[in-house]
Structure formats: structure tokens, C-alpha cells
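Listed in order, the protein sequences are those of chains A and B.
If you read the first sequence in the working numbering, its first letter stands for residue -12, the second for the next number, and so on.
If you read the second sequence in the working numbering, its first letter stands for residue 54, the second for the next number, and so on.
So the structure is just underneath, and the comments pick up after that.
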Amino acid sequence: MSDVPEHDQRLLEAYLDDALSASEVQLVDERLTREPGLREALVALRNQRAIRAAAWQSLHEEQTSGEELVRVMRRAVARHEGMRRVVRGARLGAAMAACVALFCGGWVIRSAWSPPARVAGPLPSRVRHSVPPPDAAGIYRVALTDEAGQVIAVQPFTKLEEARRFADDLERYEARRREVRQGSPMLVSDHF
Amino acid sequence: MRIARSARASIARWAATLAALLWLAAPLRADPGPTTRPLLEELNRQTRELYRQVQGGVFRVQLPPPRWASGYAMAPLDRWGKKLDPEVRRKLIEEERLPPAPGTGAATQPAVSDAVSLAPHATYIVVRQDRADDEPRRDPLLGGKLELDAKPDPSFSPNTIGLLMDDEGDVLVPAYVEREAVGEQLVRMAGSDGSRINARFVGSDRQTGLTLLRAEKSAGKPVRLAEGRPAAGSLVLCLSPRDGSGRLGLWTDGGGESGVIVATDGQVAGVARYGQFLSGSACKLIARQLMEYGAVRRATLGVLITEIRADDPLRRQQPLLGRRTAMRIDQVIKDSAADKAGLKPGDLLLAVAGDAVTDIPSFAAAIAARSGPTELQVLRGEQVLAVEVDLRQQK
């Protein structure tokens, strides 16, 4: 049996299952007459099937009919499918729980973590200096504000680009003032 | 044999049951009352004693705003000097409390660009402080605060502290303010008992960030200055320059501390500024020069030096540097002492005359202490070189 090629084995299986067309059956019959190896393989396959059928019969003596066997098979398949559904649900639940745990863990770490002390750079701007639209005379007025945000002086510009540049510089000035007031200045570069 | 075994098992079961009952009944036991912590109480007592010992030589000082700080803040507006509206200019000057520029005569028309110019070549960074005002008052244990007695006075708003150096009334302030910013005005100070004393400006040094004042009358007990820096991990009392309050803590020798550092023997170890450290002996040296000359007469090397901070990307490019403190030479002036000695831009300065230089203030003090041929240790590429430079003190 083992020295018969695999496609011939499949062909013999189909032959025994009556799964071949009439012309294919005729071809197999012709080969069986010509090829003793194939003939031996067919005999061996028949014997195996008989042994399996006998064993099956001994295990399920009460299942004498084909319908009963189908029912058993369907029950087994249903059991198997049920188990698969349970396992799939459990895996999905575990994945969701892991996601929730990761999210919560990340949230806790994020809350507990404090950013390192900033070494340099501007502090977050408290007062934004925006450039308002021009007045009737086409003048852009950038406001200088005090600590409370009250306008204490106004710088006029005729060009929008210039007004924007001044507003940016004013913001940098405000940030540096806050740095000096709230921080500890250190000399890090000098001529010697 | 079997009886003895069953008796042992029975005893074990009873013992286990009894232990479980005792464990369950533990919370029901009566409160034993407040526990004593003799070691912490002793630490508390000694902390207060240490603070009392040093506070006799500590003053709260109201320094005028330094010009360099105004200059640092105003620098972004420098280019608008001539284009500024007079009212905007006046308000900016009011906000910065800048004196009128020389020759203008009035506070309304000074040239902003004159008033805000930064000290030449000096670069500052600002390290943000924790807001001490928001912190709750705590017991003076580790991490707690001890505060100088100060009577509330709306006309007196101290912004730093000073250390009494001698019986002549010389007070060293760990902050830099220019002579022009103080002028002839008196600087107001308060002793630890709240008594008010006026002082005059003697001199200041930008590179070490120190200012020397002289009190009109001598009061208090001079502090003692230590020679070296504290060992990492030792207990120190850190006096906040903001309000003179003291905190007992562990000296990490890193970037976390800022203030006047007092060792457990009561000596002032030095001044820490978030990674920079000026030892007590260096403070004494600078104070002596300020007393004598009104300025520090340090030799001129002819280099622009930048501190390599712990987060400097250069440390990744230069593995030999590791965690070692160093300073980078960014520029060498032609025909200067540094140029003649062969120093080059990119060299990393490691030590002066065998003493490791850790930051700009300690380097400034090391240079101030020496004259004549001096050996500098330099890291160039992958080679550590010894370079001899001739330091000539300024007259």
C-alpha cells in the first residue's frame, strides 16, 4: 500500500466510495487488470475499511442505523462548536480585560509621573498678544498689558507683518519676565 | 507511637486556631496611645539647634532689581527701541523699574536699547523653582522648614539672604547685582531677630554670582566657611535664598539643590544653584577680593566658555566625558594667553591646577585664585592633555 503513489491512493478511495464517473471507473478497472500493485493496494484498502467498520460496530453496537450515526456526529460537532464558542468568548474577554488593565495602568503611571525639572526655555504664556483688525485709519494696535491683563499702553503699526512681529516679541518678553521672577537664573556661558 | 503522633497533630491544630483568633482579634485591642520616636525627636532637636547656630549670621536682604535681569527680559524688544511709542516705552521701563539711561535726565525718554543691554558675552539660563508660597508649613523634620523671625513690614520686601562674613559687617549675598543698579542707595536688611540694618554696596562679581554689602553697624555672629563640598549622601541644612528658611535634607551633589548649604558641624559648605556649586572657601576668596578692590581681579584667558550641563547632547557624542563635569571652549581670542598656550575651540576643560572645575562659578573662582604659569587639564578628542597657560591678574 505504501509503494502506491498518493494520487493513486486517493483514486482508489474514490473508487471504493463510488465517487468516480463511469469513464473514470472504466479507466481504474483497466489499470487494475494491468497493474498488480494497484490491485494489491485496492485489496489492502478494502481490508482496512472492513476492519474499521468492524471496530466502529463493536464500539457503537446500539448505533445500527446510518441516521443514528449522523445524529451522534451532529451532537459531537455541536459540542465541539460550543466549546469553540466558549474558548473564543473567553479569549475575547481576556483581551478586553488586558486592554482595560493596560489603560488603567497607563493612567495611574501617567498620574504618578511628574515631568523632570525644566532647565531652560520659555514658561507657558499666560497673556497672549494678538493683533486685532486694523481700525478705520488702517492702523494695527498691539496692546501692552499689565499682570492683571489690563491694557496699559498701545503700540500702533501700519503694516500687519510688523505688528505680528512685535506681538511675538512682546510675548517672548512677558515669558522672560515670568522666568526671572519665578525662576533661579544661572550663568552658563561667559568670557574669561 | 500512633497516639503521640495524633496528640502532636491535635496540639498543632489548636495552636493554629489560637494564632488565627489572635490575628483576627488584633484590631480590637486597645490603642496603645501615641508612640514615641526618640531618634526622630533627637533629629528634630538637633536640626533646630543647627539652624539657631547659623541664623545669627544670616540676614534677609532687599536688593534692587539687577540690570542684567531686566536686560534678559527686554532683549526680545531690543530691535524695537527706536520704533516704540513713547507711552509703551515708559510703561516698559516702569514695569522693569529701570533707571533712566545716562544723559536723558527723565524717565520718560530713555533709549530702551541703552538700558537693557545684556552684560557682554554672558548667557543665562533660568531654572524654574517650586513655588515655596504654596507649600504648607510643616514640622522641621526632614523636608520641613525652619524660618527666620521677621516682623511683617509692608515697606520691607526681602528677595534674598546674606551671610555675615566678619565683625566688620561685611555681608556676602549669593546673587549678582551691578554697582550701577544699586548706586548710592542703601540696601535694607533684617537680622534673624527682625532688627533692621542698612548696608552699602561694596562690590559684585558676575561670574561667581556674588555681591558684597557692608552693614552700617555690626550685628550678629559671622558664619564659618568650610573648605570643600559635602560628601554626597550626607545630611545638610539648605537655607533658601528666597526667604532664609531652612530644610534638613540629603546632599545629592546633583542638580536638585539650590541655596546656602550648611554642614552638620554648622559651617557653611557653599552656595548651590541647581548643579552649580561654589564652595565656602571660594566664597571667602571672592569676598576678600571684593573687600579689597571692589571687584574680582581675575586673570584673562581669552576664551568663551560654556558649561556642559548634565542634559547636554555633547555627552552622547563624547563617551570619554561620561558623567564628568567639564566646560567647553567655544572661542579662543587671537594672541590671548589661551591662544599662546595652544587651547582650541572644542577643547573640554576638566581641571585647573589639579582641581576639577565643575561649573562657571567654580571655574571663575579657580582662575581668580591663581596667577602665573598654571596647568589646565583638557580633553581634546580622545586625548587628555596638560596645557600650561600663563595667567596674569588684572591690575
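Virtual Cβ for every residue (Gly too), placed ideally from N, Cα, C.
Check the Cα spacing between V356 of chain B and each of B:D388, B:G347 and B:L367: the tightest is with B:D388.
About 16 Å separates the Cβ atoms of A322 of chain B and P275 of chain B, ruling out a contact at the 8 Å cut-off. At a cut-off of 9 Å between beta-carbon atoms, P172 of chain A makes contact with chain B.
DSSP, reduced to helix, strand and coil, places F144 of chain A within a strand of the structure shown. In the DSSP annotation of this structure, G125 of chain A is not part of any alpha helix (DSSP H), being labelled neither H nor E. Under the Cβ criterion (8 Å, minimum of three pairs), the segment 418 to 435 of chain B counts as touching the segment 342 to 357 of chain B. Among the CB atoms of chain B, none fall inside 9 Å of the CB of D122 of chain A.
The beta carbon of A150 of chain A lies closer than 6 Å to those of V118, Y127, V129 and F144 in the same chain, with the five residues before and after it left out. DSSP, read as helix, strand or coil, puts Q371 of chain B in coil. Annotation: Cβ neighbours of L137 of chain B in chain A (cutoff 8 Å, chain order): Q142. Taking C-beta separations shorter than 6 Å and ignoring five residues to either side along the sequence, the partners of A234 of chain B in its chain run P117, P119 and R120, following chain order. Contact check for S271 of chain B and E221 of chain B: beta-carbon distance about 7 Å, within the 8 Å limit, so the pair qualifies. Taking a Cβ-Cβ cut-off of 9 Å, the neighbours of V356 of chain B in chain A comprise H178 and F179, given in sequence order. For C336 of chain B and L103 of chain B, the gap between their C-alpha atoms comes out near 21 Å.
One finds nothing in chain A with a Cβ atom closer than 8 Å to the Cβ of K270 of chain B; even the nearest lies about 31 Å away. A distance below 9 Å separates the beta carbons of T427 of chain B and V405 of chain B. Taking the Cα positions, E166 of chain A is about 45 Å away from T89 of chain B. Looking at the backbone, the Cα of D(-10) of chain A and that of A81 of chain A are separated by about 50 Å.
Taking the CA atoms as reference points, A9 of chain A sits about 22 Å from G24 of chain A. Boundaries around L331 of chain B are those of the beta strand (DSSP E), Q329 to S332, since no alpha helix (DSSP H) includes it. The bridge partners DSSP lists for Q436 of chain B are B:R433. Close CB contacts of R326 of chain B within its chain, under the 6 Å cut and outside five residues either way in sequence, are with S311 (chain order).
Annotated three-state conformation of A406 of chain B is coil, per DSSP.
In the three-state reduction of the DSSP assignment, G299 of chain B falls in the strand class, which pools E and B.
DSSP places G256 of chain B in the strand class (E or B) of the three-state scheme.
Of all residues in the segment 80 to 92 of chain A, none has a C-beta nearer than 7 Å to a C-beta of chain B. For D16 of chain A and E22 of chain A, the gap between their C-alpha atoms comes out near 10 Å. Put simply, the backbone Cα of D122 of chain A is about 28 Å away from that of E147 of chain B. Exclusion of the five residues before and after R277 of chain B leaves Q320 as the residues of its chain whose Cβ lies within less than 6 Å of its Cβ.
In the structure shown, L357 of chain B falls within a strand segment according to DSSP collapsed to helix, strand and coil. I214 of chain B has its alpha-carbon roughly 49 Å from the corresponding atom of L89 of chain A. The three-state secondary structure of S123 of chain B, taken from DSSP, is helix. In the DSSP assignment, Q(-4) of chain A falls within the unbroken alpha helix (DSSP H) covering E(-7) to L3. Neighbourhood of K144 of chain B in chain A, by CB distance below 9 Å: L131, D133, I139 and A140, in chain order. In this structure, the CA atom of A65 of chain B is about 55 Å from the CA atom of V59 of chain A.
The C-beta distance from V410 of chain B to L396 of chain B rounds to 14 Å, too long to meet the 8 Å contact threshold.
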